[in-house]
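Enquirer: Numbering (our numbering), first residue to last: 5 to 562.
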């Protein structure tokens, strides 16, 4: 079956899982942890009269400088050689730490731990070693030991804690307690204002993992309680908040909060929030019939002349099958001179295909031709309407205009091929399909339509099979493609496979006449006349003027 362009209200559910604080390597921005060994060594020994002699040892200094440079260049093995040489002169906690760190970087965690613990035994308050030991033990899956050093790190650093110190601690707690209670308790115990954003985002993450809707709502309400403007990067919190209110069945509160928060964020974000309500519309409407009126009232009070929000209302009433509202809002949107091309196309599709007001759709669509004079897609859509209206000369003219504006538009070649297929100008059609596939070899619609054209004619069936098989791989659950695939098997006399794919196509979309017609012919070949007649009548009831049905009726008369 040919795949036609239809209106898809693509409602994308956002991935709301937060960013885990887990990381396989230390990501601390702590100055001590990432200071080079030479700097750490001179700083550690600055006031130590017993070790000043080492600092004056030029060979030792050169070794430490070289080790530092090699480590910065990622030459960890060479840095280890330098540090082992330096260790002969001074078994300093810093040199031991440097060895531990470089062994860590080459994933030799046992050696990293051995040198790290030797450094720790020399100075149990040396923060770089303590942090490194926590990371090393984490890598060795020794979580209880790792938490000891992480706790010590937090105690020693006090108010100088960094966000990455918290991440390290949470990394370990998450391994010790997969209910995340320990992590949540730790986060809620921190009172430092500088960590507020991080703590809130991590709490939301853990509550999300635990499916704790109430606490998600509480945290987000706390975040938004400051009445400040909500920046775009915080939209995800708005999304999460409204979704969780809806999931709890608190539809009125969700709408109320949407109205309140809409004043503090951009219209683009508010459009996305509208989508959340539309996604859940049938569930909301079934339990709260007054909601639709309130939602409509809010949109019209705030965005009466904004075609983008009016289109959201149109989507809502389309889902609810309220034809009268769909028609009136469509007219309102199509009367707005500021409409963009995407909205114009979507609304025109609804008027043409769903309201079946074909001439009105074309007339209103054409009225914008001077606004979109240089847009190839405008003429593509106009040509599509004309083909479906069987006004082939006008369709050809529209497609050729589109090609003049963009001679490399694969869609235009595909549409023009479809037109010539309808007028049975097969040579033109085939060459244009091939040109379209040269420009975009993996377009499933073009692959399908070309295959269907060949299958209908019974020509080059092997090639047709190759085309439709490729299309199916790209889009395995498309009912139009499945119908074509089934029809291909019918043409090569594999009726059982043909039946399998046609029935799958119908199970996904039972609104099209062609699959029922095809199934009736397959069943007739299988000797199941009663079922065949039922499916043929079903096809006629959907569209008695369908071209393929009329051809089959004519054939049966002969």
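The beta carbon of each residue, even a glycine, is placed where N, CA and C say it ideally should be.
Just so we're clear, the structure is a prediction, and the values are computed from it rather than from any experiment.
(1) How would you label residue 153, buried or exposed, when you count the other beta carbons within 10 angstroms and need 16 or more for buried?
(2) What's the C-alpha gap between residue 282 and residue 357?
(3) So what's residue 374 in DSSP terms, helix, strand or just coil?
(4) From which residue to which residue does the alpha helix (DSSP H) around residue 347 run?
(5) Report all residues from its chain with a CB closer than 7 Å to the CB of residue 33; omit the five preceding and five following residues, and keep chain order.
(6) Assuming residue 338 and residue 368 form a contact by the criterion Cβ under 8 Å, report the distance between their Cβ atoms to the nearest whole angstrom.
(7) Assess, as a yes-or-no matter, whether the segment 465 to 475 is touched by the segment 441 to 456 under the definition of 3 or more beta carbon pairs within less than 8 Å.
(8) Using only the alpha-carbon positions, how far apart do residue 409 and residue 403 sit?
(9) How many whole angstroms separate the CB atoms of residue 219 and residue 211, which I take to be in contact at a CB cut-off of 8 Å?
(10) Grab the span of the alpha helix (DSSP H) containing residue 356 for me, first residue to last.
(11) Which parts of the segment 265 to 302 are runs of the alpha helix (DSSP H), unbroken and 4 residues or longer, counting only runs that do not cross its ends?
(12) Taking only the alpha-carbon atoms, compute the straight-line gap between residue 552 and residue 463 and give it to the nearest angstrom.
(13) Just the Cα atoms here: how many angstroms apart are residue 529 and residue 466?
(14) In terms of residue numbering, what span does the alpha helix (DSSP H) encompassing residue 444 cover?
(15) For residue 289, which residues of its own chain have a beta-carbon under 8 Å away from its beta-carbon, when the five flanking residues on both sides are left out?
(16) Within 10 angstroms of its Cβ, does residue 63 collect 16 or more other Cβ (buried), or is it exposed?
(17) Counting C-beta neighbours from all protein chains within 10 Å, is the total for residue 380 16 or more, i.e. buried, or is it exposed?
(18) With residue 164 as the anchor, note down where its alpha helix (DSSP H) starts and where it stops.
(19) What does the Cβ neighbour count give for residue 498, buried or exposed, with the cut at 16 atoms within 10 Å?
(20) Would you decide whether residue 509 is buried or exposed? Buried here means 16 or more other CB atoms lie within 10 Å of its CB.
(21) Under a three-way DSSP split, which group does residue 328 fall into?
(22) Out of 418, 245, 149, point me to the one whose CA is closest to residue 265's CA.
(23) Hey, how far is the Cα of residue 550 from the Cα of residue 377?
(24) Can you list, in chain order, the residues of its chain whose CB lies under 8 Å from that of residue 422, leaving out five sequence neighbours each side?
(25) Which residues mark the beginning and the end of the alpha helix (DSSP H) in which residue 110 is found?
(26) Work out the CA separation of residue 202 and residue 88 for me, nearest whole Å.
(27) Starting from residue 469, trace the alpha helix (DSSP H) both ways and give me its first and last residue.
(28) Under the three-state reduction of DSSP, which class applies to residue 128: helix, strand or coil?
Expert: In this structure, then:
(1) Counting C-beta atoms within 10 angstroms of its own C-beta, residue 153 has 16 or more neighbours from the protein chains shown and is therefore classed as buried.
(2) Those two C-alpha atoms are separated by around 21 Å.
(3) Coil, per DSSP.
(4) Counting along the chain, the unbroken alpha helix (DSSP H) around residue 347 starts and ends at 345 to 353.
(5) For residue 33, the pLDDT reaches just 38, beneath the cut-off of 50, and the residue's location in the model is therefore unreliable, although a value from the coordinates is still provided. So the qualifying residues of the chain are 166, 168.
(6) Correct: roughly 5 Å between the Cβ atoms.
(7) They touch, by the three-pair rule.
(8) Their backbone Cα atoms lie some 10 Å apart in a straight line.
(9) Sure, about 4 Å apart at Cβ, within 8 Å.
(10) Neither: residue 356 is in no alpha helix (DSSP H) and is coded neither H nor E.
(11) Runs found: 271 to 283, 285 to 291.
(12) Cα to Cα, residue 552 sits roughly 18 Å from residue 463.
(13) Between residue 529 and residue 466, the C-alpha separation is close to 22 Å.
(14) No residue range can be given for residue 444, since it is assigned to no alpha helix (DSSP H) and is classified by DSSP as neither H nor E.
(15) These residues qualify, in order along the chain: 295, 296, 324.
(16) By the Cβ-count criterion, residue 63 is exposed, with fewer than 16 other Cβ atoms from all chains shown falling within 10 Å of its own Cβ.
(17) Buried.
(18) Per DSSP, residue 164 is not a residue of any alpha helix (DSSP H), being assigned neither H nor E.
(19) Counting the other CB atoms within 10 Å of its CB gives residue 498 a total below 16, which places it among the exposed residues.
(20) It counts as buried.
(21) Residue state, collapsed to three classes: helix.
(22) Looking at 418, 245, 149, the one whose alpha-carbon comes closest to that of residue 265 is 245.
(23) Looking at the two C-alpha atoms, the distance is approximately 33 Å.
(24) If we look at residue 422 and ignore the five residues flanking it on each side, its Cβ neighbours are 6, 391, 433, 453.
(25) No alpha helix (DSSP H) holds residue 110; DSSP gives it neither H nor E.
(26) Whole-angstrom Cα-Cα distance: 40 Å.
(27) Taken as a continuous stretch (DSSP letters only), the alpha helix (DSSP H) holding residue 469 covers 465 to 478.
(28) Residue state, collapsed to three classes: coil.
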